[in-house]
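Peer 1: Below is the structure I would like to discuss, written out as C-alpha cells.
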Amino acid sequence: MSKIITRFAPSPTGHLHIGGARTALFSWLLARHYGGEFRLRIEDTDLERSRQEYTDSILASMRWLGLDWDGDLAYQTKRTELYNAAVDRLLENGTAYWCTCTPDEVDAMREAAKAKGEKPRYDGRCRDKHHGPAQGAVVRLNVNAVMPAGSRVAFDDMVKGHVAVSVDELDDMVLRRSDGMPTYNMAVVVDDHDMGVTHVIRGDDHVSNTPKQILLYKALGWPLPVFGHVPMILGPDRQKLSKRHGARAVVEYQKDGLLPGALVNCLARLGWSHGDQEIFTMDELIRFFDGTNLNSSAAAFDFERLNWLNAHYLHETPADTLAELVAPFVAERGMEPAPDALARFIPLYHERAKTLIELADSIVRLMKSADKLDYDEKAVAKALTEEGRGHVRALHSLFASLPSFDAETLNTALNAYVNDNGFKFKQVGPALRVALLGIQNGPHLPDLMAALGRDATLKRMERACAVSTPAA
Ligand code: GLU
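Numbering (my numbering), first residue to last: 577 to 1048.
Structure (C-alpha cells):
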C-alpha cells in the first residue's frame, strides 16, 4: 500500500471546537496507524472572517490534544498561484469557461429555475461564448464537459458507504471569483492533490461538496482520494449540540481543568468503536484505529461520560505529571506552585479530584496561611459548635505535645482521644475537619494533618476556635 496521507483543514474563523477536534483526531489516528503523514492546512481564504489569533488558538489546541502534524503548515492565502495554474489548465482543456454574467443576472436565473420547480442554478449561458478574462468575470466549471448529462458521480465513502449523485444536480460552479480568489472547492482539490492526500476525512456538512470536487479531480485528470465523512455530533438529547451540552471550544475544556487524554478518549468514541472497550490510551487508539468501525449515524456527546473519563485519567496520571498540569491552575489562584508543596498535597486529592480545577482549589486551600483560610458558614454552624470547639481545643494540646507528626502517630492519638473518652468519631471528626479546612469534606484527617505539618495544623485549629459561629 502506498503511504497514507491525511490532513486537517480548519478555517481560522473561530477556535477549535469539538467537532473539528474529532475530525482532526480521526485523520491523525488514521495516518499514525498506517505510519503515514498527517498534514495541517489553514483555509484562510475568507479574508473577512479569518484571524491569526484563531490560527494560533487552533494550533495551541492541536498541540494540547497531542495531535502533531508533519511537514510545514500550509496557508491557502499563500498558494493562490497554484490555484490559478489549475484554473488555467481547466480553461485550456475546455472544462472551464469565463462567465460575464452579473450577480443580478445569476440571481434572476436562479429565481426562474425555482419558478419552474427546478433546483436554483446557473443556466450555463456563457458556456459557448468563449469569453476571455474581463473585469468582473468569473471562471466556471463546464460540468458536462467533464461528465455527460444523465450520468452519476459516485464514490465509496469510508463512513457512509456508496454515495451517488446525478450530474444533472450539479451547477456549473464558480472556480475563480471575480477578485481572482479561488472558491473553496477549487482550492481544496488543488491542495489535497498537491499535498498528496490519500484520505480526506471531514465533517459530513461537506458531503454535498464531494461530487463537485470529484468533477474537478476528473477535469484535472488527477486520481481521487478516499473520502470519509464523519457524522455530526449531537447533544445527549440527540438534538443539535448546544453550548450547554458541550459545543464548546477545546480551549474552554482546557480551562475547565480537563485532561487532554480524557477529551481525546471521549472524541474517539464519537462515531468509532472497538468492541466494548471504553477507555483507551493514545497508543491503543493508534493501534486500533484502522479506518473501519466508523459509524454513519450521528454520535451523541455525553458530558457526564467526559467528566467520568476525566476523573479516571486524573487518577491514572502519575503525581509528578499531575504537578506539572496543575501548577498553572494553582498560580492562577494566586499561590506559588512550589514543587515541594505540590508533592505533599497532591496525594491527598489524587483519588478524589475530578478535574484540575478541583485539584487546584483543594491544594490552594492547604497552601494558604491559617489567617487567610475562608470558613464555610454552614460548615462552621454545623460542626464548630461549642462541643466541637471543645474537641478542637483538647486535640490542639494533644497534637502540640506529640513526639512526631506523621500520619500514623496522629492516627493513633486521634483514635485514642475518641475511644478513651467514650466519644463517637462523628462528634469529633467533623469539627476537626472544618477547623483544618474550613469545609466539611476532605481527605483522611491524619494524612491531612501530616501533610500540613504541625505548625500549620495547630495554627488552623487556633484560628477555628476564634472563628465566630454565625447567628442561627
Ligand atoms: N475548511 C473547511 C472547514 O473548516 C474544511 C474543508 C475540508 O475538510 O475539506 O469546514
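Cβ coordinates follow ideal geometry from the N, Cα and C atoms, glycine included.
Please state whether the Cβ-Cβ distance between H805 and R778 is less than 8 Å.
Peer 2: Contact flag set, yes.
Peer 1: Could you spell out where the alpha helix (DSSP H) holding Y673 opens and where it closes?
Peer 2: From DSSP, Y673 is part of no alpha helix (DSSP H) but of the beta strand (DSSP E) over A672 to C675.
Peer 1: Taking the alpha-carbon of I1015 as reference, which of L605, F879 and R941 has the nearest alpha-carbon?
Peer 2: Of the candidates L605, F879 and R941, the one whose C-alpha sits nearest the C-alpha of I1015 is R941.
Peer 1: At 4 residues or longer, what runs of the alpha helix (DSSP H) sit wholly inside the stretch 714-753?
Peer 2: Whole alpha helix (DSSP H) segments, 4+ residues: 719-722.
Peer 1: Spatial neighbours of R909 within its chain, please: CB distance less than 8 Å, with the 5 preceding and 5 following residues excluded, ordered by chain position.
Peer 2: Taken in chain order, the residues that qualify are A936, D937 and V940.
Peer 1: Given this structure, state the Cα-to-Cα distance separating E668 from N883, to the nearest angstrom.
Peer 2: Approximately 57 Å between the Cα atoms of the pair.
Peer 1: Among L960, R969 and I581, whose alpha-carbon lies nearest the alpha-carbon of R608?
Peer 2: Residue I581 is the option with its Cα nearest to R608.
Peer 1: Helix, strand or coil for Y760? Go by DSSP, reduced to three states.
Peer 2: Note: Y760 maps to helix in three-state DSSP.
Peer 1: Quick one: Cα of L924 to Cα of E613, how far?
Peer 2: Those two C-alpha atoms are separated by around 42 Å.
Peer 1: Is the stretch 757-767 in contact with the stretch 719-739, if contact means three or more CB pairs nearer than 8 Å?
Peer 2: The stretch 757-767 vs the stretch 719-739: no contact.
Peer 1: For A876 versus G966, is the C-beta spacing smaller than 8 Å?
Peer 2: Contact flag unset, no.
Peer 1: Check the DSSP bridge columns for V663 and list the partner residues they point to.
Peer 2: Bridge partners of V663: none, in fact.
Peer 1: Could you check what DSSP says for G867 in three-state terms: helix, strand or coil?
Peer 2: Note: G867 maps to coil in three-state DSSP.
Peer 1: In terms of DSSP beta bridges, what is Y651 paired with?
Peer 2: DSSP output for Y651 lists I618 as bridge partner(s).
Peer 1: What distance in whole Å lies between the Cβ atoms of N869 and I855, which are believed to be in contact at a cut-off of 8 Å?
Peer 2: The pair is not a contact, with the Cβ atoms about 17 Å apart (cut-off 8 Å).
Peer 1: With ligand 1 as the reference, list in chain order each residue whose Cβ lies under 6 Å from any of its heavy atoms.
Peer 2: Those residues are A585, P586, S587, E619, V764, R778 and H782, given in chain order.
Peer 1: Just list the residues that DSSP pairs T582 with in beta bridges.
Peer 2: Answer is F614 and H775.
Peer 1: Kindly indicate which three-state DSSP category L846 falls into: helix, strand or coil?
Peer 2: In the structure shown, L846 sits in coil (DSSP, three-state: anything other than H, G, I, E or B).
Peer 1: Where do the N-terminal and C-terminal ends of the beta strand (DSSP E) with H805 fall, by residue?
Peer 2: Taken as a continuous stretch (DSSP letters only), the beta strand (DSSP E) holding H805 covers V802 to V806.
Peer 1: For D620, I'd like the list of residues in its chain whose CB is within less than 8 Å of its CB, leaving aside the five on either flank, ordered along the chain.
Peer 2: Same-chain partners within the cutoff: S587, P588, S626, T631, Y651, Q652 and T653.
Peer 1: For the pair the stretch 899-906 and the stretch 841-850, tell me if three or more CB-CB distances fall below 8 Å.
Peer 2: Segments in contact, no.
Peer 1: Do the stretch 946-961 and the stretch 986-998 make contact, defined as three or more Cβ pairs closer than 8 Å?
Peer 2: Segments in contact, no.
Peer 1: Would you mind sorting S873 into buried or exposed? The rule is 16 or more other CB atoms within 10 Å of its CB.
Peer 2: It counts as exposed.
Peer 1: Quick one, are the C-beta atoms of L932 and G1018 less than 8 Å apart?
Peer 2: No, they are not a contact pair.
Peer 1: Could you check what DSSP says for L1008 in three-state terms: helix, strand or coil?
Peer 2: Looking at L1008 - three-state DSSP - the assignment turns out to be helix.
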